[in-house]
Amino acid sequence: AQTVTQSQPEMSVQEAETVTLSCTYDTSENNYYLFWYKQPPSRQMILVIRQEAYKQQNATENRFSVNFQKAAKSFSLKISDSQLGDTAMYFCAFWSYGGSQGNLIFGKGTKLSVKP
Amino acid sequence: GAVVSQHPSWVICKSGTSVKIECRSLDFQATTMFWYRQFPKQSLMLMATSNEGSKATYEQGVEKDKFLINHASLTLSTLTVTSAHPEDSSFYICSARRPSGANVLTFGAGSRLTVL
Chain A
700 AQTVTQSQPE
710 MSVQEAETVT
720 LSCTYDTSEN
730 NYYLFWYKQP
740 PSRQMILVIR
750 QEAYKQQNAT
760 ENRFSVNFQK
770 AAKSFSLKIS
780 DSQLGDTAMY
790 FCAFWSYGGS
800 QGNLIFGKGT
810 KLSVKP
Chain B
48 GAVVSQHPSW
58 VICKSGTSVK
68 IECRSLDFQA
78 TTMFWYRQFP
88 KQSLMLMATS
98 NEGSKATYEQ
108 GVEKDKFLIN
118 HASLTLSTLT
128 VTSAHPEDSS
138 FYICSARRPS
148 GANVLTFGAG
158 SRLTVL
């Protein structure tokens, strides 16, 4: 069974600095997708970034980038120039093709606080 | 594009009554929608996969007679919590797979259910 592990329940960072959130996963599949979702206090889930496992190049979306290490099954998220609006729960997720339609498996989340 | 609307955003009901939550894809057709449940300060747990025109697929441990899912059209899935009890109080979130593929899910804003 696929699992997603986020080992940092809470983290904080000063505004304008850089922070890295860690995520590891376990799977026997070779081709899959990985995601980082953000859930601010409004509870709305927002896609931050995604990575296809067959692509070696790390995905980047403006201030957000990932360090994808397929062999190590690691998928960390780096937030550069942190902003107050980045304060949220961050969930690492793995798209599993188990079952007829597949589904998204989430880690337990990391609560990030950006301090002024 | 790829907007998912969820209604109601919050609902309070008496124990023993039934509550229906709607999930609509506003600008795309969704053959598959997913229903998640989120307890306070916890991650999202998949409850069931809703398939248009067919029966939903429930995750292990989720009572299908308690949580009725109907996906009668390509833009609407409903979750009905039947004979609700206080332990059913939770945050319920629906999502739909974007037409662009890549297994990216767009989430509704969630529904907070409180059963008195």
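As you go down the protein sequences, you meet chains A and B in turn.
Residue numbers for the first sequence follow the numbering used here, so the first one is 700 and each next one is one higher.
Residue numbers for the second sequence follow the numbering used here, so the first one is 48 and each next one is one higher.
The C-beta atom is built at its ideal place from N, Cα and C for all residues, glycine as well.
In this text, all values refer to a predicted model and were calculated from it rather than measured experimentally.
Under 7 Å by beta carbon: chain A residues contacting residue i
{"i": "B/V151", "result": "L746 and R749"}
{"i": "B/F138", "result": "R742"}
7 Å Cβ cutoff met for residue i and residue j
{"i": "A/Y736", "j": "A/A752", "result": "no"}
{"i": "A/E716", "j": "A/S781", "result": "yes"}
{"i": "A/T723", "j": "A/T704", "result": "yes"}
{"i": "A/Q738", "j": "A/A787", "result": "yes"}
{"i": "B/Q53", "j": "B/A156", "result": "yes"}
{"i": "B/C70", "j": "B/C141", "result": "yes"}
{"i": "B/G99", "j": "B/H118", "result": "In the sequence as displayed, the identity of residue 99 of chain B is Glu instead of Gly. Contact: yes."}
{"i": "B/L121", "j": "B/I68", "result": "no"}
Test: residue i CB closer than 7 Å to a CB of chain B
{"i": "A/W735", "result": "no"}
{"i": "A/K754", "result": "no"}
First and last residue of the uninterrupted beta strand (DSSP E) at residue i
{"i": "A/D725", "result": "T723 to D725"}
{"i": "A/R749", "result": "I745 to E751"}
{"i": "A/K777", "result": "S773 to I778"}
{"i": "B/L160", "result": "S158 to V162"}
{"i": "A/E709", "result": "E709 to Q713"}
{"i": "A/Q768", "result": "F763 to Q768"}
Interface flag, residue i vs chain A, CB-CB below 7 Å
{"i": "B/L160", "result": "no"}
Residues that residue i contacts on chain B, provided the C-beta gap is smaller than 9 Å
{"i": "A/L803", "result": "F81, Y83, L91, L93, S142, N150 and L152"}
{"i": "A/K807", "result": "Q89 and S90"}
{"i": "A/A790", "result": "The sequence given here has Phe at residue 790 of chain A, not Ala. Within 9 Å Cβ-Cβ: S90 and L91."}
Within chain A, partners of residue i - CB distance below 8 Å
{"i": "B/A77", "result": "Near B/A77 there are no residues of chain A at all, since even the closest Cβ is about 11 Å away, more than 8 Å."}
Contacts of residue i in chain A (Cβ-Cβ under 9 Å)
{"i": "B/A156", "result": "S741, R742, Q743 and M744"}
Residues that residue i bridges to, as DSSP identifies them
{"i": "B/Y83", "result": "B/L93 and B/I140"}
{"i": "B/V51", "result": "B/S72"}
{"i": "B/S124", "result": "B/C70"}
{"i": "B/N98", "result": "B/T79"}
{"i": "A/T702", "result": "A/D725"}
{"i": "A/K737", "result": "A/I745 and A/Y789"}
{"i": "A/K810", "result": "A/E709 and A/M788"}
{"i": "B/T153", "result": "B/A143"}
{"i": "A/E760", "result": "A/F763"}
Cutoff 7 Å: residue i Cβ touching any chain C Cβ
{"i": "A/W794", "result": "The structure shown contains no chain C; its protein chains are A and B."}
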